[in-house]
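Quick note, the sequences are listed as chains A and B, same order. Just remember that our numbering sits 128 ahead of the position in the first sequence, which is counted from 1. Just remember that our numbering sits 1 ahead of the position in the second sequence, which is counted from 1.
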Amino acid sequence: MSPALTLARGRGLASRGGRRAAAGAAFLVLGLVLATLPTFASDYTVLVGYRVLEYAALAQAWNLLAGYGGLVSLGSAAFIGIGSYATAEITIHSGVPLVPAMLGSGAAAAAFAVIVSVPLFRLRGLYFAIGTLTLAEALRIWMVNWNGFGGASGQFLTDTAPGNHEIYYLSLVVLALATALVAGVLRTRLGVGLRAVRDNEDVAQEMGLSTFRTKLWAFALAASVMGAVGGMQAARLSAIEPYGAFNLQWTIDIVNIAIVGGLGTIAGPLAGAAFVIILGELLADYPELHVAITGAILIAVIRFAPRGLWGTLAGAGLPAPLRLLARRRG
Amino acid sequence: MDLPSGHALVTALVTGVLLGGLFAITALGLSLVFGVMRLINLVHGELIVLGAYLAFVLLEHGGIDPLLGLLVIAPALAVVAYPIQRVLLTPLMSKGAEAPLLTTFGLSVIAQNVFILVFSGDTQSLSTSYASDSVDLAGIDVPVVYLISFGLALALSVAAHLVIQRTGIGREIRASAEDAVAAEVMGVNVPRIYAVTYGLGAGCAAVGGVLVGLTFSFTPTTGVTYLLTGFAVVVLGGLGSVKGTLLGGLLLGAIESVGGAFFGDGYRDLIGFLVFLTFLAIRPQGLFGRRPA
Numbered sequence: 129m130s131p132a133l134t135l136a137r138g139r140g141l142a143s144r145g146g147r148r149a150a151a152g153a154a155f156l157v158l159g160l161v162l163a164t165l166p167t168f169a170s171d172y173t174v175l176v177g178y179r180v181l182e183y184a185a186l187a188q189a190w191n192l193l194a195g196y197g198g199l200v201s202l203g204s205a206a207f208i209g210i211g212s213y214a215t216a217e218i219t220i221h222s223g224v225p226l227v228p229a230m231l232g233s234g235a236a237a238a239a240f241a242v243i244v245s246v247p248l249f250r251l252r253g254l255y256f257a258i259g260t261l262t263l264a265e266a267l268r269i270w271m272v273n274w275n276g277f278g279g280a281s282g283q284f285l286t287d288t289a290p291g292n293h294e295i296y297y298l299s300l301v302v303l304a305l306a307t308a309l310v311a312g313v314l315r316t317r318l319g320v321g322l323r324a325v326r327d328n329e330d331v332a333q334e335m336g337l338s339t340f341r342t343k344l345w346a347f348a349l350a351a352s353v354m355g356a357v358g359g360m361q362a363a364r365l366s367a368i369e370p371y372g373a374f375n376l377q378w379t380i381d382i383v384n385i386a387i388v389g390g391l392g393t394i395a396g397p398l399a400g401a402a403f404v405i406i407l408g409e410l411l412a413d414y415p416e417l418h419v420a421i422t423g424a425i426l427i428a429v430i431r432f433a434p435r436g437l438w439g440t441l442a443g444a445g446l447p448a449p450l451r452l453l454a455r456r457r458g
Numbered sequence: 002m003d004l005p006s007g008h009a010l011v012t013a014l015v016t017g018v019l020l021g022g023l024f025a026i027t028a029l030g031l032s033l034v035f036g037v038m039r040l041i042n043l044v045h046g047e048l049i050v051l052g053a054y055l056a057f058v059l060l061e062h063g064g065i066d067p068l069l070g071l072l073v074i075a076p077a078l079a080v081v082a083y084p085i086q087r088v089l090l091t092p093l094m095s096k097g098a099e100a101p102l103l104t105t106f107g108l109s110v111i112a113q114n115v116f117i118l119v120f121s122g123d124t125q126s127l128s129t130s131y132a133s134d135s136v137d138l139a140g141i142d143v144p145v146v147y148l149i150s151f152g153l154a155l156a157l158s159v160a161a162h163l164v165i166q167r168t169g170i171g172r173e174i175r176a177s178a179e180d181a182v183a184a185e186v187m188g189v190n191v192p193r194i195y196a197v198t199y200g201l202g203a204g205c206a207a208v209g210g211v212l213v214g215l216t217f218s219f220t221p222t223t224g225v226t227y228l229l230t231g232f233a234v235v236v237l238g239g240l241g242s243v244k245g246t247l248l249g250g251l252l253l254g255a256i257e258s259v260g261g262a263f264f265g266d267g268y269r270d271l272i273g274f275l276v277f278l279t280f281l282a283i284r285p286q287g288l289f290g291r292r293p294a
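1) Can you tell me which of the three DSSP states residue 202 of chain A falls into?
2) Which whole runs of the alpha helix (DSSP H) in the segment 359–443 of chain A are 4 residues long or more, in chain order?
3) Chain A beta carbons: is any one of them nearer than 8 Å to that of residue 282 of chain B?
4) Report the residue from A:178, A:442, A:185, A:149 whose alpha carbon sits nearest the alpha carbon of residue 291 of chain A.
5) Between which two residues does the beta strand (DSSP E) holding residue 141 of chain B run?
6) Please state whether DSSP places residue 135 of chain A in a helix, a strand or coil.
7) Going by DSSP in three states, residue 272 of chain A sits in which element: helix, strand or coil?
8) For residue 391 of chain A and residue 209 of chain A, which I take to be in contact (beta-carbon distance under 8 Å), what is that distance rounded to the nearest angstrom?
9) Please list the partners that residue 270 of chain A has in chain B, where partner means a Cβ-to-Cβ separation under 7 Å.
10) Measuring alpha carbon to alpha carbon, tell me which of B:267, B:62, B:144, B:56 ends up nearest residue 279 of chain A.
11) Who are the near neighbours of residue 51 of chain B in its chain, counting only those whose CB is closer than 6 Å to its CB and skipping five residues on each side?
12) What would DSSP say about residue 232 of chain B, mapped onto helix, strand or coil?
13) Mind checking who residue 135 of chain B pairs with in its DSSP beta bridge?
14) What's the gap between the Cα of residue 4 of chain B and the Cα of residue 263 of chain B?
15) What does the Cβ neighbour count give for residue 204 of chain A, buried or exposed, with the cut at 16 atoms within 10 Å?
16) Considering only DSSP beta bridges, list what residue 125 of chain B is partnered with.
17) Pull out every residue of the segment 243–277 of chain B whose Cβ sits closer than 7 Å to any Cβ of chain A, in chain order.
18) Whole angstroms is fine: what's the gap from residue 200 of chain A's alpha carbon to residue 244 of chain A's?
19) Check whether chain B comes within 8 Å of residue 146 of chain A, counting only Cβ atoms and requiring the distance to be less than that.
20) So, are the CB atoms of residue 199 of chain B and residue 283 of chain B less than 8 Å apart?
21) Could you name the residues of the same chain whose beta carbon sits closer than 8 Å to that of residue 149 of chain B, not counting the 5 residues immediately before and after it, in chain order?
22) Nearest-angstrom Cα distance between residue 278 of chain B and residue 224 of chain A?
23) Who are the Cβ neighbours of residue 76 of chain B in its own chain at under 8 Å, not counting the five residues just before and after it?
24) What's the call for residue 88 of chain B, buried or exposed, on a 16-neighbour Cβ count within 10 Å?
25) With a threshold of 8 Å between beta carbons, is residue 397 of chain A in contact with chain B?
26) Whose Cβ in chain A lies nearer than 7 Å to the Cβ of residue 106 of chain B?
27) Could you please give the first and the last residue of the uninterrupted alpha helix (DSSP H) stretch that includes residue 230 of chain A?
28) Take the Cβ of residue 174 of chain B as the centre, count every other Cβ of all protein chains shown within 10 Å, and call the residue buried at 16 or more, exposed below.
29) What residues from chain B crowd round residue 423 of chain A, counting only those whose CB sits closer than 9 Å?
30) Please list the partners that residue 99 of chain B has in chain A, where partner means a Cβ-to-Cβ separation under 7 Å.
31) Just curious, the alpha helix (DSSP H) that residue 74 of chain B is in, first and last residue?
32) Under 7 Å between beta-carbons, which chain B residues line up against residue 380 of chain A? List them in chain order, please.
33) Are the C-beta atoms of residue 44 of chain B and some chain A residue less than 8 Å apart?
34) Measure the Cβ-Cβ separation of residue 360 of chain A and residue 230 of chain A and say whether it is below 8 Å.
35) How big is the Cα-Cα spacing for residue 134 of chain A and residue 276 of chain A?
36) Whose CA, out of A:313, A:430, A:260, A:440, lies closest to the CA of residue 107 of chain B?
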């Protein structure tokens, strides 16, 4: 434990201000380490760091939907795939640089979210989950069979792939923006409405909340983050093909990371991504074993630590009365 | 798009309806589990694939015919599945619908990767003497396996209907589905009934898996497709009704087959999914009878 945290603990974390200060200090240290990582770490570490940040951003977007809005979407792969293809098409045909192309990817994925929200939002709870899963699989099959955008074999990007440091900092910025977005949304009326939808959609609607619009905003915002990350991924690989871009594995990894890290907490997605990705590196020779173990951890977390690694650890560090409060998600 | 000829369309329709029997069987377990526990069992597809792999092992190493092997495989899967519901899922049911759903999601992830570790990622199929045979049915070439699927679907549906409507355990299953608390008060061991239902669902999945293996090929990740077609059948046919699941299966088989004749076989699943999504969106609660949770 860092001296700052020990000190804060010594004074007692009972006061909300003290807890905030400790969280702020920890956040600052973390930010500093992440921002300077490429200056002292090996190329390998930087690349692992990139993947952690990338998945943390994806999980943060999903966290907004599932953690704060109760919208368990199993369709993440669709938005990532659309983002990948959008960045590829934009950079190939217009010569626009990567960052504006990623913005275009975010917009394309958000537009798709708006279109499919009309049928999808008629579905609630489990039906929404299975509906989003079906939609993403339908889109994947379409992209594999259709001849457009390079068909099943895909196509290469014309721009040079960004270097290790470049892609690392890009993913750091994406994660910072995604986190700021979610944290910011939670402070607005939208954030309040979203949690109301999660806790009881019928009551929220009767209280005069436009639940459709509330869910739509969250869905589109999450989609735009996923789309932008998809664009970043396409640039990193310097190629797109439908099997990878629309792979169900994206959805699986995001759900694992968000839940293992801690649903409905701001730091959970980063904690989950670090845990799952680093575990994957340790088991790099056994990729199937890694995914299977992650699945087992997911089941154990749901059963024994529903607030995830971060939620449980943060909760354990608090005095008993506050721990009771922390148990309430969001 | 080339318009198929009249004969090709009739062939597609007939084979589609017959193949729909396979869809009905793969959906039956899903329908049962959803109807009784209100649970979307995301590991259902992997149970189907497990059935296919077990039949593959029996066939390759014991020379046992897959249809005969079912007598062992279906009960074996039921025994494997029973504790999943009892130990993992039932304790989570009080914590809302998401916790059990995501637990089955985790199980499906584990199963897929264990399949890859044990059986490799290669495409497999159950090659028997009759798997590639076909018979002439009033001028239409029909694969024998389709006829077997159709016959088994009818038999299994009748059997499931009789078990649920006419037996003591069936009465307890219906009572648990209707009102778990009341059933508990009346002396029904609801957690046990839930686990039995889940086991029955897995047994049905095993039958579906063997037929999938005989009719098509399978890989460790094939399960997702059958999970989704299964769910499409459940939505089309109506929840918790064995007859509805059978009819939904035949209907989806016909839609996919005729659609495939128009747009190409690669689009078959896509067509099924789109019909399913459209149906779900137009009548989200419609044929289910009850409001979704």
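All residues carry an ideal CB built from backbone N, CA and C; glycine is no exception. In this text the structure is predicted, and so the values were computed from the model without any measurement.
The answer reads as follows:
1) As a working note, residue 202 of chain A is residue 74 in the first sequence. DSSP places residue 202 of chain A in coil when its eight states are reduced to three.
2) 370–373, 376–389, 396–410, 415–432
3) Start at 1 with the first residue of the second sequence, and residue 282 of chain B comes out as number 281. Cβ-Cβ to chain A under 8 Å: yes for residue 282 of chain B.
4) Counting from 1 along the first sequence, the entry for residue 291 of chain A is found at position 163. If we check each option's Cα against that of residue 291 of chain A, A:178 comes out closest.
5) Taking the second sequence and counting its residues from 1, one reaches residue 141 of chain B at position 140. Per DSSP, residue 141 of chain B belongs to the beta strand (DSSP E) from 141–144.
6) Translated into the one-based positions of the first sequence, residue 135 of chain A becomes position 7. Because the pLDDT at residue 135 of chain A is just 40, under 50, the model does not fix this residue reliably, and the value given afterwards should be weighed accordingly. Reduced to three states, the DSSP call for residue 135 of chain A is helix.
7) Looking up residue 272 of chain A in the first sequence gives position 144. If DSSP states are grouped into helix, strand and coil, residue 272 of chain A belongs with the helices.
8) The residue labelled residue 391 of chain A in the question sits at position 263 within the first sequence. The residue labelled residue 209 of chain A in the question sits at position 81 within the first sequence. In fact, because the Cβ distance is near 24 Å, the residues do not count as touching under 8 Å.
9) As a position in the first sequence, residue 270 of chain A is number 142, starting the count at 1. By Cβ distance, chain B contributes 271.
10) Your numbering for residue 279 of chain A matches position 151 in the first sequence. Comparing Cα-Cα distances from residue 279 of chain A to each of B:267, B:62, B:144, B:56, the minimum goes to B:267.
11) Position 50 of the second sequence, counting from 1, holds the residue named residue 51 of chain B. Cβ neighbours of residue 51 of chain B beyond the five flanking positions: none.
12) As a first step, residue 232 of chain B must be located in the second sequence, where it is residue number 231. Residue 232 of chain B falls in the helix class under three-state DSSP.
13) Sequence index remark: in the second sequence, residue 135 of chain B carries index 134 (1-based). In the DSSP output, where bridge partners are listed per residue, residue 135 of chain B has B:144.
14) As a working note, residue 4 of chain B is residue 3 in the second sequence. As a working note, residue 263 of chain B is residue 262 in the second sequence. Distance between the alpha carbons of residue 4 of chain B and residue 263 of chain B is about 6 Å.
15) Working through the first sequence from its first residue, we reach residue 204 of chain A at position 76. So residue 204 of chain A counts as buried.
16) Translated into positions along the second sequence, residue 125 of chain B becomes position 124. DSSP, once it has assigned bridges, lists B:219 as partnering residue 125 of chain B.
17) 267, 268, 270, 271, 274, 275, 277
18) Your numbering for residue 200 of chain A matches position 72 in the first sequence. Your numbering for residue 244 of chain A matches position 116 in the first sequence. For residue 200 of chain A and residue 244 of chain A, the distance between alpha carbons rounds to 15 Å.
19) Counted from its first residue, the first sequence places residue 146 of chain A at position 18. Not one chain B Cβ lies under 8 Å of residue 146 of chain A.
20) By 1-based counting over the second sequence, the position of residue 199 of chain B is 198. By 1-based counting over the second sequence, the position of residue 283 of chain B is 282. Their beta carbons are not under 8 Å apart, which means residue 199 of chain B does not touch residue 283 of chain B by this criterion.
21) Here residue 149 of chain B is taken as the residue at index 148 of the second sequence, counted from 1. Excluding positions up to five away in sequence, the list reads 68, 131, 212, 215.
22) Locating residue 278 of chain B in the second sequence gives position 277, where the first residue counts as 1. Locating residue 224 of chain A in the first sequence gives position 96, where the first residue counts as 1. About 36 Å.
23) Mapped onto the second sequence, residue 76 of chain B falls at position 75. Excluding residues within five positions, the ones whose Cβ falls inside 8 Å are 204.
24) Here the question's residue 88 of chain B lines up with position 87 in the second sequence. So residue 88 of chain B counts as exposed.
25) The sequence position of residue 397 of chain A within the first sequence is 269, counting from 1. No - not a single Cβ of chain B is within 8 Å of the one on residue 397 of chain A.
26) For the purposes of this step, residue 106 of chain B is taken as the residue at position 105 of the second sequence. Near residue 106 of chain B (Cβ distances below 7 Å), the residues of chain A are 383.
27) For the purposes of this step, residue 230 of chain A is identified with residue 102 of the first sequence, where counting begins at 1. Looking at the DSSP string, the run of the alpha helix (DSSP H) that includes residue 230 of chain A is 226–248.
28) Your numbering for residue 174 of chain B matches position 173 in the second sequence. Buried, because 16 or more other Cβ atoms sit within 10 Å of the Cβ of residue 174 of chain B.
29) The residue labelled residue 423 of chain A in the question sits at position 295 within the first sequence. Neighbours of residue 423 of chain A on chain B, chain order: 106, 107, 108, 109, 110, 111, 112, 113, 114.
30) In the second sequence, the residue the question calls residue 99 of chain B occupies position 98. Per Cβ cutoff of 7 Å: 200.
31) On the second sequence, residue 74 of chain B is found 73 positions in, with the first residue counted as 1. 67–84 is the span of the alpha helix (DSSP H), which, as asked, contains residue 74 of chain B.
32) If you number the first sequence from 1, residue 380 of chain A lands on position 252. The answer, in chain order, is 110.
33) Taking the second sequence and counting its residues from 1, the one referred to as residue 44 of chain B is at position 43. For residue 44 of chain B, the answer is no, since every Cβ of chain A falls outside 8 Å of its Cβ.
34) Residue 360 of chain A sits at position 232 when you count from the first residue of the first sequence. Residue 230 of chain A sits at position 102 when you count from the first residue of the first sequence. In this structure, residue 230 of chain A lies closer than 8 Å to residue 360 of chain A by Cβ.
35) The residue labelled residue 134 of chain A in the question sits at position 6 within the first sequence. The residue labelled residue 276 of chain A in the question sits at position 148 within the first sequence. Residue placement at residue 134 of chain A cannot be trusted, given a pLDDT of 40 that sits under 50; the coordinates are not used to answer.
36) Looking up residue 107 of chain B in the second sequence gives position 106. Cα-wise, what sits closest to residue 107 of chain B is A:430.
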